[in-house]
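> Input: one structure, supplied below.
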Amino acid sequence: KKLQEMEELGSFSEKESLGESRILVFVRLRPMAKKEKEAGARSCVKIVNRRDLYLTEFANGNDYLRLKRLRGRHFTFDASFPDTTNQQEVYSTTTAELVEAVLQGRNGSVFCYGATGAGKTYTMLGTVENPGVMVLAIKDLFTKIRQRSCDGNHTVQLSYIEVYNETVRDLLSPGRPLVLREDKQGIVAAGLTQYRAYSTDEVMALLQRGNQNRTTEPTRVNETSSRSHAILQVTVEYRARDGGMKVVNRVGKLSLIDLAGSERALATDQRTLRSLEGANINRSLLALSSCINALVEGKKHIPYRNSKLTQLLKDSLGGACNTVMIANISPSNLSFGETQNTLHWADRAKEIRTKVAEANEEIMKAPESDSDQAKLLLELQKEN
Ligand code: ADP
Ligand code: MG
Numbered sequence: 168k169k170l171q172e173m174e175e176l177g178s179f180s181e182k183e184s185l186g187e188s189r190i191l192v193f194v195r196l197r198p199m200a201k202k203e204k205e206a207g208a209r210s211c212v213k214i215v216n217r218r219d220l221y222l223t224e225f226a227n228g229n230d231y232l233r234l235k236r237l238r239g240r241h242f243t244f245d246a247s248f249p250d251t252t253n254q255q256e257v258y259s260t261t262t263a264e265l266v267e268a269v270l271q272g273r274n275g276s277v278f279c280y281g282a283t284g285a286g287k288t289y290t291m292l293g294t295v296e297n298p299g300v301m302v303l304a305i306k307d308l309f310t311k312i313r314q315r316s317c318d319g320n321h322t323v324q325l326s327y328i329e330v331y332n333e334t335v336r337d338l339l340s341p342g343r344p345l346v347l348r349e350d351k352q353g354i355v356a357a358g359l360t361q362y363r364a365y366s367t368d369e370v371m372a373l374l375q376r377g378n379q380n381r382t383t384e385p386t387r388v389n390e391t392s393s394r395s396h397a398i399l400q401v402t403v404e405y406r407a408r409d410g411g412m413k414v415v416n417r418v419g420k421l422s423l424i425d426l427a428g429s430e431r432a433l434a435t436d437q438r439t440l441r442s443l444e445g446a447n448i449n450r451s452l453l454a455l456s457s458c459i460n461a462l463v464e465g466k467k468h469i470p471y472r473n474s475k476l477t478q479l480l481k482d483s484l485g486g487a488c489n490t491v492m493i494a495n496i497s498p499s500n501l502s503f504g505e506t507q508n509t510l511h512w513a514d515r516a517k518e519i520r521t522k523v524a525e526a527n528e529e530i531m532k533a534p535e536s537d538s539d540q541a542k543l544l545l546e547l548q549k550e551n
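Okay, so the sequence shown: first residue is 168 according to the UniProt record's numbering, each after it adds one.
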């Protein structure tokens with residue numbers, strides 16, 4: 168029965184047969200925090216059948232069937248994770264498929280979205296004991312590469328950047344802000360460190376260090392600013408001689424994004440949106456909501472250029488890419504408004520269609536002369 172349930176959950180292969188794919192949208196409910204309990208919070212979220220989610224002022228007890236009658240408060244997603252779901256389960260359902268695709272040269276992106284304190288960083292980075300999607304994805308990637316090590320040469324490179332207050336920074340090598348440039352492959356951050364990764368062990372340490380470099384509010388030096396977006400990009404390059412006659416070159420890119428807190432920034436109506444724009448609260452998140460609206464409405468012009476974040480996510484939102492959104496929510500009725508807002512945007516994101524992710528692959532004829540062959544071999548060896 169469990170297997171059947173699994174099959175019913177969303178998957179990219181199923182959508183790709185239609186010639187286009189859509190964003191897969193998942194919701195993760197975190198456990199009630201001690202602070203919330205102490206403040207007398209009650210649960211206002213109920214998840215049923217691994218997909219259906221009910222939001223009500225009070226969802227205590229088992230009378231959720233009654234909630235079905237509450238209009239506008241029922242949501243259904245590709246999967247809804249109850250608060251008992253562990254990190255591995257979240258990774259397997261949301262991201263494992265993308266990691267496999269990246270090895271085949273297709274781009275993928277996963278972004279965590281939700282209010283501050285809803286569990287975005289826990290889901291993405293996690294803790295040393297319970298590593299999150301970023302770490303599990305890289306671990307899985309290395310395992311898969313090891314399994315195929317005989318059929319070619321893989322290079323894994325990491326970059327970790329922050330967008331804060333419309334400034335882009337390198338989290339692995341803090342320094343001057345980075346400038347975004349447009350080139351053949353899309354938008355790139357000039358001078359960004361590409362960290363060559365060899366094992367999972369070093370990656371967690373690296374990412375934790377990177378996370379400590381995220382901007383903090385001057386008044387709360389130990390807490391990451393709720394307005395900071397973090398983007399981990401994992402580039403996997405594969406180069407091999409195929410049967411001695413051809414050279415295969417394949418590049419896949421996986422972007423894992425821990426967005427800034429969505430509270431206040433994403434108003435659902437245009438009027439509030441405009442007044443927030445005036446207040447310049449979080450230009451990147453506002454631009455993201457404008458892009459989502461434009462994509463959903465099928466507009467020709469999508470305003471990616473309005474912010475650094477949307478420029479960086481252009482390929483992930485409207486390009487040929489497998490895209491996953493994980494909306495994080497708190498169960499507390501004290502966060503009802505924020506949860507409602509998050510679910511509204513998650514529901515809307517389901518409508519976004521993206522192009523099917525094609526493999527970025529180049530197959531060239533192997534050079535014939537001996538000296539050319541020697542040169543190529545040397546080049547391949549150098550890269551290992
Ligand atoms: P955000 O990044 O969205 O602001 P965090 O990921 O920092 O929120 O989560 C807030 C707090 O809740 C942290 O202390 C975190 O460890 C805890 N937390 C979040 N999600 C979970 C979860 N699924 N299980 C256990 N603790 C969680
Ligand atoms: Mg966070």
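Ideal Cβ placement from N, Cα and C applies to all residues, glycine included. Source: prediction; values computed, not measured.
Could you tell me the alpha carbon to alpha carbon distance between His396 and Glu329, rounded to whole angstroms?
One C-alpha to the other measures close to 5 Å.
> Given a cut-off of 8 Å on the beta-carbon distance, is the pair Ile305 and Ala364 in contact?
Cβ distance < 8 Å, so Ile305 and Ala364 count as in contact.
> The ligand ADP and Asn495: does any heavy atom of the ligand fall closer than 7 Å to the residue's C-beta?
Yes, since a heavy atom of the ligand ADP falls inside the 7 Å radius drawn around the Cβ of Asn495.
> Please report the distance separating the alpha-carbon of Arg450 from that of Arg336.
Looking at the two C-alpha atoms, the distance is approximately 16 Å.
> Which of helix, strand or coil does DSSP assign to Lys287?
Three-state result, Lys287: helix.
> Pull every residue with its beta-carbon under 5 Å away from any heavy atom of the ligand ADP, and keep them in chain order.
Taking each Cβ in turn, the ones that pass are Arg197, Thr283, Gly284, Ala285, Gly286, Lys287, Thr288, Tyr289.
> When you compare only the Cα positions, how much space is there between Val491 and Gly485?
In a straight line, the C-alpha of Val491 is about 13 Å away from that of Gly485.
> Using the beta-carbon count (16 or more within 10 Å), is Ser366 buried or exposed?
Burial call: exposed.
> Helix or strand or just coil, what does DSSP make of Arg195?
Strand.
> Is the beta carbon of Val192 less than 8 Å from the beta carbon of Ile496?
No, they are not a contact pair.
> Are Val266 and Asp307 closer than 8 Å when you measure CB to CB?
Yes, they are a contact pair.
> What does DSSP give as the partner residue(s) for His396 in the beta ladder?
In the DSSP output, where bridge partners are listed per residue, His396 has Val330.
> Any idea what DSSP makes of Val257, helix, strand or coil?
Of the three classes helix, strand and coil, the one that applies to Val257 here is helix, per DSSP.
> Tell me whether Ser316 is buried or exposed, calling it buried when 16 or more other Cβ atoms sit within 10 Å of its Cβ.
Exposed is the call here.
> Take Val295 and list the residues in its own chain whose beta-carbon comes closer than 7 Å to its own, dropping the five residues that flank it on each side.
Cβ neighbours of Val295 beyond the five flanking positions: Met371.
> DSSP state of Lys311, grouped into three classes?
Helix, per DSSP.
> Below 8 Å between beta carbons: does that hold for Arg273 and Glu525?
Yes, Cβ-Cβ distance for Arg273 and Glu525 is below 8 Å.
> DSSP three-state call for Gly293: helix, strand or coil?
Here Gly293 sits in strand by DSSP.
> Taking 7 Å as the line, does the beta carbon of Arg307 fall inside it for any heavy atom of the ligand MG?
First, the residue type needs correcting, since residue 307 is Asp and not Arg in the sequence shown. For the ligand MG, not one heavy atom lies less than 7 Å from the Cβ of Asp307.
> Rounded to whole angstroms, what is the Cα-Cα separation between Val401 and His241?
If you take the alpha carbons of Val401 and His241, they lie about 36 Å apart.
> Can you tell me the Cβ-Cβ gap for Glu505 and Glu404, rounded? I've got them flagged as a contact below 8 Å.
Wrong, their Cβ atoms sit about 40 Å apart, outside the cutoff.
> According to DSSP, simplified to helix, strand and coil, what is Arg450?
It is helical.
> Does the beta carbon of Asn297 come closer than 8 Å to any beta carbon on chain B?
Absent here is chain B; the protein component of the structure consists of one chain.
> With a threshold of 8 Å on Cβ separation, who are the neighbours of Leu345 within its own chain once the five nearest residues in sequence on each side are excluded?
Once the five neighbours on either side are set aside, the close Cβ partners of Leu345 are Ile328, Val335, Arg336, Asp337, Ala356, Ala357, Gly358, Leu359.
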